[in-house]
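**Q** In full-length UniProt numbering, the protein residues as written are 1 to 367.
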């Protein structure tokens, strides 16, 4: 048997060993991060009422664990026998689909954060939504194109006496993640533009005692988009033969995007809870008491108008959206915030998009 092993077979055997190690490492990383952050999840996520944001958090959180488990099970089980040509072709497309579902779920969350950063701009939401659909169509087109030719690409390699599916990448496989990379670049551009725009604002000079959520969101968005863009670029480079980068499997990609998203959402929710406690701590003991508001239903949103000096001023409205908070509680909150933080006080609008507040920006009112 050993005498029939050709140099090509040895090369494919070595290439097939690499994903067996990287997928286990990725799963270990995901589980390690889970146990590091599960306390924050219990403290800051579990008490909130169920809504879209909480559902998306748990979906991303636990789908990441499942997909990395799938990577380990698939790669290690296939390494024990010689699957058929049809099975290898089908599994190749399946692996890409499970990764795409993870990425698309995360991109939905990121679109909502961009939507909030632009103060609920419908134009921004429509542009991003359209480009998101275009990226999905592009992904499927390339997926089908490659799947139709995959059998011919690996047919000769399947005749070799090696287990598993051969790690061979040709054609336009390198383009599989280009639509997603391009869309991530668009979202990154939106976040970058808003961050540069915020530099000209005066929210840092307002003198308020709040933990400013607006710059936190911008910073987290920029870090996320940069990280994911690098990962997508690396995925593309792995399947381009001229780079000579070995195939690591999609395990590291699945793990990294899931961990980054979960930590980003936990970071925001934790900051909001700290902000809420600060409001309560700063409230005057003789004045009205700030009502308890479930952070799962609150999004801090600034509505900007132009003041007398051409500077941005902030107007806040608790009545803009339906809320489980009573009108009496809203009035108490307004009075408490006004007494505690003066004209720079933050007021909330209530919506159900994301379980934690977004687009919190504070500027001084014109006197």
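Where a beta carbon is used, it is the ideal one built from N, C-alpha and C, also for glycine.
Model, not experiment: these values are computed from the prediction.
Might you give, ordered along the chain, the residues of its own chain that have their beta carbon closer than 8 angstroms to the beta carbon of residue 222, omitting 5 neighbours on each side?
**A** 188, 191, 192 and 195
**Q** Within 10 angstroms of the Cβ of residue 322, are there 16 or more other Cβ atoms? Answer buried if so, exposed if not.
**A** Low local confidence applies: a pLDDT of 40 at residue 322 is under 50, so the model's placement there is unreliable, with the coordinate-based value given in what follows. Exposed is the call here.
**Q** Does DSSP classify residue 163 as helix, strand or coil?
**A** Residue state, collapsed to three classes: coil.
**Q** Is the beta carbon of residue 67 closer than 8 angstroms to that of residue 267?
**A** no
**Q** Please tell me whether residue 23 and residue 71 are closer than 8 angstroms, where the distance is taken between their beta carbons.
**A** It is a contact, given that the beta carbons lie within the stated cut-off.
**Q** Mind checking which residues open and close the alpha helix (DSSP H) that includes residue 74?
**A** First-last of the alpha helix (DSSP H) with residue 74: 52-78.
**Q** So the candidates are 90, 152 and 157; which of them puts its Cα closest to the Cα of residue 8?
**A** Ranking 90, 152 and 157 by CA distance to the CA of residue 8 puts 157 first.
**Q** Take residue 370 as the anchor and find which of 269, 262, 261 and 245 has the nearest alpha-carbon.
**A** Residue 370 is absent from the structure shown; the chain starts at 1 and stops at 367.
**Q** Pop quiz: residue 109 and residue 118 are said to be a contact at Cβ under 8 angstroms. What is the actual Cβ separation, rounded to whole angstroms?
**A** Between residue 109 and residue 118, the beta carbon gap of about 16 angstroms keeps them out of contact (Cβ cut-off 8 angstroms).
**Q** Could I get the ranges of all uninterrupted alpha helix (DSSP H) runs contained in the stretch 236-273, with 4 residues as the minimum, in chain order?
**A** none
**Q** Rounded to a whole number of angstroms, what is the C-alpha to C-alpha distance between residue 231 and residue 277?
**A** 37 angstroms
**Q** Using 8 angstroms as the cut-off, can you tell me whether the stretch 25-34 makes contact with the stretch 75-89, which would need three or more C-beta pairs spanning the two stretches below that distance?
**A** no
**Q** Whose CA, out of 80, 45, 97 and 218, lies closest to the CA of residue 141?
**A** 97
**Q** On the CB-based measure, 16 or more other CB atoms within 10 Å of its CB, does residue 132 come out buried or exposed?
**A** buried
**Q** List, from N- to C-terminal side, the alpha helix (DSSP H) runs of 4 residues or more that fit wholly inside the stretch 143-192.
**A** none
**Q** Under three-state DSSP, which class holds residue 290?
**A** Since pLDDT at residue 290 reaches only 42, below the 50 mark, its modelled position is unreliable, and the value read off the structure follows with that caveat. If DSSP states are grouped into helix, strand and coil, residue 290 belongs with coil.
**Q** Can you list, in chain order, the residues of its chain whose CB lies under 8 angstroms from that of residue 14, leaving out five sequence neighbours each side?
**A** For residue 14, where only same-chain residues beyond five positions count, there are no Cβ hits under 8 angstroms.
**Q** Per DSSP, what kind of secondary structure is residue 317 in: helix, strand or coil?
**A** Residue placement at residue 317 cannot be trusted, given a pLDDT of 41 that sits under 50; the coordinates are not used to answer.
**Q** Looking at residue 217 and residue 61, is the spacing between their C-beta atoms short of 8 angstroms?
**A** no
**Q** Quick one: give me the first and last residue of the alpha helix (DSSP H) that residue 32 is part of.
**A** 7-44
**Q** For the alpha helix (DSSP H) containing residue 99, name the first residue and the last one.
**A** 85-117
**Q** Tell me whether the stretch 167-182 and the stretch 28-44 touch, counting them as touching only if at least three CB pairs, one residue from each stretch, are closer than 8 angstroms.
**A** no
**Q** Distance, Cα to Cα, residue 271 vs residue 126?
**A** 29 angstroms
**Q** Thinking C-alpha only, which one of 251, 186, 160 and 48 is nearest residue 65?
**A** 251
**Q** How would you label residue 135, buried or exposed, when you count the other beta carbons within 10 angstroms and need 16 or more for buried?
**A** buried
**Q** Would you check if the distance between the CB atom of residue 146 and the CB atom of residue 176 is smaller than 8 angstroms?
**A** Yes, the Cβ-Cβ distance between residue 146 and residue 176 is below 8 angstroms.
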